[in-house]
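Novice: Residue numbers (the numbering used here): 194 to 332. Structure incoming, see below.
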């Protein structure tokens, strides 16, 4: 949706006047999202997979961004969606990233946590007790 909007201006009826403060906030959020995304990938190393799977000799990672939240990659996706909402001065295109994040989050996170509980059991339970899902100290 955002690419379509940028290329065509459609849906024009949902446009609103952009503000410099929104662009600055959006840029800061986007840079933060990219930093969290990179740190997350680097921390996971060979454990990372695009699909839900446990690799051979998989380890439970609890350091770096994983010391604050259990799913920092989703944190980065949330920050990307928020940045898009600030950067695109269109209600539909701007909010599309948050809608996409919400769908992805609710389709995958519970499955990921069940899989991690099956593999790591009490170790993952203890990790869950001391970390939040995607927003440090909140959720």
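Glycine included, every Cβ here is placed at the ideal spot set by N, Cα and C.
(1) On the CB-based measure, 16 or more other CB atoms within 10 Å of its CB, does residue 262 come out buried or exposed?
(2) Alpha helix (DSSP H) containing residue 316: first to last residue?
(3) Specify whether the segment 253 to 273 and the segment 309 to 325 touch according to this definition: at least 3 beta carbon pairs, one from each stretch, less than 8 Å apart.
(4) Cα separation between residue 251 and residue 212?
(5) Beta-carbon separation of residue 311 and residue 245 under 9 Å?
(6) Could you tell me whether the segment 280 to 287 touches the segment 226 to 241, where touching means 3 or more Cβ pairs closer than 8 Å?
(7) Compute the Euclidean distance between the alpha carbons of residue 247 and residue 294, then round it to the nearest angstrom.
(8) So if DSSP puts residue 283 in a beta bridge, which residue, or which two residues, is it bridged to?
Specialist: So, to answer that:
(1) Counting Cβ neighbours within 10 Å, residue 262 comes out buried, since at least 16 surround it.
(2) Per DSSP, residue 316 is one residue of the alpha helix (DSSP H) stretching across 315 to 323.
(3) Yes, the segment 253 to 273 touches the segment 309 to 325.
(4) One C-alpha to the other measures close to 46 Å.
(5) Contact flag unset, no.
(6) The segment 226 to 241 and the segment 280 to 287 do not touch, with fewer than three beta-carbon pairs separated by less than 8 Å.
(7) Going by the C-alpha atoms only, they are around 23 Å apart.
(8) Answer is 208.
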